[in-house]
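Shown next, in structure tokens, is the structure this report addresses.
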Ligand code: TXA
Ligand code: MG
């Protein structure tokens, strides 16, 4: 793909936001692709209806074509033009939108999202984001597709600087709207089958969805049609360094990703970050991708990771860490 200059648009101060949203909407309207902050992670946004823009997103990320994208909407009215909403979807959207929840729903025949964005599926993944991206969708007036704004297989970006490090020269612009609150991607729930199925743990805990629906969720592995699940690629979110999970001791040359103030045995790590000394899983999720990037930058050969509880947002954290630790395929 051709390289060009990536514009950095500043929206950190509230007085700059409206103007920045207009500028970003202008670039998107013309078919450009732009890094935008949401409440979860930065997304690489394009006009969902513009197949060429969608193709440029895949190219910039180096993303395998079969992986469909999430359609980001302004509100329920915009969502209903793209998909049919079963009763469970109505209830979850009312309770959790805007927020880190993506619903996989039956696509309408006349939905605006390009077939490429859906990778040919007859279902469609929809979410109503918070954060700056919502301002841009309002300015543009139609849905945006937005995968996470990182090179395919890399750690997701939670700052504009991280987006530039991965995608600078490959995309039209990045809007710096500051850090992201949640820090891990949205939870993806498939509502196209008889039982709601958790395809990807994320920023809303499984327990919160189960309490709201009054039923247990199936998980992708148990689902009959074992869907097109996210991060089907088992190696994902991968730093350059190796990743060693459930570490209670440090080995020579390792960096340490801690949790809950645990002190590992062995030599001092070459660098250490504790995700949450207070054992707060929400704080830990918010810091996860930044911490992986910072430890990777130290040049450590491996990152030892403390055990992390598997409840609440711990399920999403452990999912990302397991993918980061998975054997790597040959470079794309
Ligand atoms: O928080 C988030 O969800 C971020 C921000 C930018 O919104 N976006 C994000 O997108 O994480 P991405 O492309 O990195 O992950 C989207 C996942 C993919 O793994 C894809 O497999 C799944 O959503 N997906 C999309 N459409 C689907 C569908 N129709 N059925 C099943 N899974 C789908
Ligand atoms: Mg991603």
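Numbering (the numbering used here), first residue to last: 1 to 332. For each residue, glycine too, the CB sits at the ideal point set by N, CA and C. In this text, all values refer to a predicted model and were calculated from it rather than measured experimentally.
*Give every residue of the same chain whose Cβ lies closer than 6 Å to the Cβ of residue 229, excluding the five residues on either side of it in the sequence, and list them in chain order.*
Confidence is the limiting factor: at residue 229 the pLDDT is only 47, short of 50, which leaves the residue's position unreliable, though a coordinate-based value still follows. The residues are 199, 220.
_Can you find the residues in the same chain that come closer than 6 Å, C-beta to C-beta, to residue 69, ignoring five residues on each side of it along the sequence?_
Result list for residue 69: 117, 145, 147, in chain order.
_Considering Cα atoms alone, identify which of 210, 211, 176 is closest to residue 11._
176
_By the DSSP assignment, the alpha helix (DSSP H) with residue 337 in it spans what residues?_
A question about residue 337 goes unanswered here, because the residues of the chain that appear run from 1 up to 332.
*When you compare only the Cα positions, how much space is there between residue 303 and residue 27?*
39 Å
*Could you spell out where the beta strand (DSSP E) holding residue 254 opens and where it closes?*
254-258
*Name the two residues that bound the continuous alpha helix (DSSP H) containing residue 72.*
Note, residue 72: premise wrong, no alpha helix (DSSP H); beta strand (DSSP E) at 70-72.
*Flag this pair as touching only if the region 153-167 and the region 104-113 have three or more C-beta atom pairs under 8 Å; answer yes or no.*
no
*Do the region 20-39 and the region 161-180 touch if we need at least three Cβ pairs shorter than 8 Å?*
yes
*Between the C-alpha atoms of residue 247 and residue 207, what's the straight-line distance to the nearest angstrom?*
27 Å
*Assigned exposure category for residue 22 - 16 Cβ within 10 Å defines buried*: exposed
*Any heavy atom of the ligand TXA closer than 6 Å to the Cβ of residue 147?*
yes
*Use the C-beta contact count for residue 298: other C-beta atoms within 10 angstroms, 16 or more gives buried, fewer gives exposed.*
exposed
*Coil, strand or helix - residue 249 by DSSP*: In this structure, residue 249 counts as strand in the three-state DSSP scheme.
_Does residue 225 pass the burial test, meaning 16 or more other C-beta atoms within 10 Å, or should it be called exposed?_
A caution first: residue 225 carries a pLDDT of 44, below 50, which makes its placement in the model unreliable, though a value can still be read off. Exposed, because fewer than 16 other Cβ atoms sit within 10 Å of the Cβ of residue 225.
_For the structure I just gave you, are there three or more beta carbon pairs, one from the region 314-325 and one from the region 201-217, closer than 8 Å?_
With the rule of 3 Cβ pairs closer than 8 Å, the region 314-325 counts as touching the region 201-217.
*Have a look at 306, 83, 130, 79 and flag the residue whose alpha-carbon is nearest the alpha-carbon of residue 181.*
130
*Consult DSSP for residue 107 and reduce its assignment to one of helix, strand or coil.*
strand
*Reducing DSSP to helix, strand and coil, say where residue 333 ends up.*
This structure cannot speak to residue 333, because the chain is shown only from 1 to 332.
_Measuring only the C-alpha atoms, how far is residue 241 from residue 81?_
44 Å
_Nearest candidate by alpha-carbon position, reference residue 174, set 17, 44, 311_ = 44
*asked:* Can you tell me whether residue 39 sits near the ligand TXA, meaning its C-beta is under 6 Å from at least one heavy atom of the ligand?
replied: Not a single heavy atom of the ligand TXA lies less than 6 Å from the C-beta of residue 39.
*Say the cut is 6 Å; is the CB of residue 246 nearer than that to a heavy atom of the ligand TXA?*
Judged by the Cβ position, residue 246 fails to qualify as a neighbour of the ligand TXA at the 6 Å threshold, every heavy atom of the ligand being at least this far.
_beta-carbon residue 121 near the ligand TXA non-hydrogen atom, thresh 6 Å_ = yes
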